[in-house]
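*Asks:* Using our numbering, you'd call the opening residue of the sequence shown number 3 and step up by one each time.
In this text, a Cβ means the ideal position worked out from N, Cα and C, and glycines have one as well.
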Amino acid sequence: MTGWKNDQGLAGSDMIEFVADTQANLTKALDIVLTSHPGPAGVLGAQTNRGKRAAIYVVDGVIKVFEIAEAEDDPAGDAKPDKTLIESILPLIKAC
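1. Closest to Ala78 by CA distance: which of Ile58, Met17 and Asn51 is it?
2. By DSSP, does Ile18 sit in helix, in strand, or in coil?
3. Between the beta-carbon of Lys66 and the beta-carbon of Val60, is there less than 8 Å?
4. Return the CA-CA distance between Thr4 and Thr86, expressed in angstroms with no decimal places.
5. When the Cα atoms are used, what is the spatial distance from Cys1 to Thr29?
6. Tell me, please, which residues DSSP counts as bridged to Asp76.
7. Note the first and the last residue of the continuous beta strand (DSSP E) segment covering Ala56.
8. On a Cα-Cα basis, can you pick out the residue from Ala57, Ala71 and Val64 that is closest to Pro83?
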């Protein structure tokens, strides 16, 4: 995840953290497992639990903002990620 963070130009940021969920424990706990779209499971097998596209703002272990990008015609949120983009999330964070 550090490599991805660096690639996104956020290497020096203490405000943004990229988190790996290799066993999908967090994905399952947040109930955001993508079940209506083949996604990676169609290629990698049924054991693959892809999470829905989400943006989560956490302060001291408490979720303050939690947005999921999904639509009837875009369950993965790949084509319509708007709700999870920084332009949508920053105003919600500022309102906290």
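*Replies:* Working from what's here:
1. Asn51
2. coil
3. yes
4. 21 Å
5. There is no way to answer for residue 1, as the model of the chain reaches only from 3 to 98.
6. Ala73
7. Arg55 to Val61
8. Ala71
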